[in-house]
Amino acid sequence: FMCILLVAAIVVLHIKLTAEREVQATHMLQSGSRDQVEKDQLQNTFNSLSQKKLELETRVNDLTAEKSQLQSNFTSLSQKKLELETRVNDLTAEKSQLQSNFTSLSQKKLELETRVNDLTTRKSQLETRVNDLTAEKRQLQSNFTSLSQKKL
12 FMCILLVAAI VVLHIKLTAE REVQATHMLQ SGSRDQVEKD QLQNTFNSLS QKKLELETRV
72 NDLTAEKSQL QSNFTSLSQK KLELETRVND LTAEKSQLQS NFTSLSQKKL ELETRVNDLT
132 TRKSQLETRV NDLTAEKRQL QSNFTSLSQK KL
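Per the numbering used here, the sequence shown runs over residues 12 to 163.
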């Protein structure tokens, strides 16, 4: 009887252990399935982040190239600005010199106009004097002729 009991106890123990192993195996399968789903989600997230990283790296490269081009343009425009400022300064100095020359020539013109007016006035005076002297000469010649004829 003891043997039967012992055999029955061994059989029950065997069934219990087998059942526990099956439950553990089921849990392992379910756990493995959940782990696989989580792994797949993590892989998808990783792939998405890798793609985003590539896009951002491309954007950074594009912006770096654009920055370089803009810096080059800025340097070129700065040089052009300096050249134009130098040209403006040169033209301003030239304008100032021309204004000074113009003022000087205007003054000289006024002096020459005054001199011409003075000479014109003097000429008129001399012409009047010549006319007066010519008239006086004629008068004297007439008087001389008249006296010469009276004397004869």
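C-beta atoms are modelled at their ideal positions from N, C-alpha and C, and glycine is treated no differently.
* Contact set for S153: own chain, Cβ-Cβ below 8 angstroms, skip 5 residues either direction -> The count along the sequence shown starts at 1 and reaches residue 153 at position 142. Closer than 8 angstroms at Cβ, skipping near neighbours: no residue.
* In its own chain, which residues sit with a C-beta less than 6 angstroms from the C-beta of S59, not counting the 5 before and 5 after it? -> In the sequence shown, residue 59 corresponds to position 48, counting from 1. Closer than 6 angstroms at Cβ, skipping near neighbours: no residue.
* Asked: Who are the near neighbours of K138 in its chain, counting only those whose CB is closer than 8 angstroms to its CB and skipping five residues on each side?
  -> Mapped onto the sequence shown, residue 138 falls at position 127. According to the sequence provided, residue 138 is Glu. The question's Lys does not apply to it. So no residue of the chain qualifies.
* **Spatial distance of F113 from V141 (CA atoms)** => For the purposes of this step, residue 113 is taken as residue 102 along the sequence shown, with counting starting at 1. For the purposes of this step, residue 141 is taken as residue 130 along the sequence shown, with counting starting at 1. So the two alpha carbons sit approximately 41 angstroms from each other.
* In the region 74 to 135, which residue ranges form an unbroken alpha helix (DSSP H) of at least 4 residues, counting only runs that do not cross its ends? -> none
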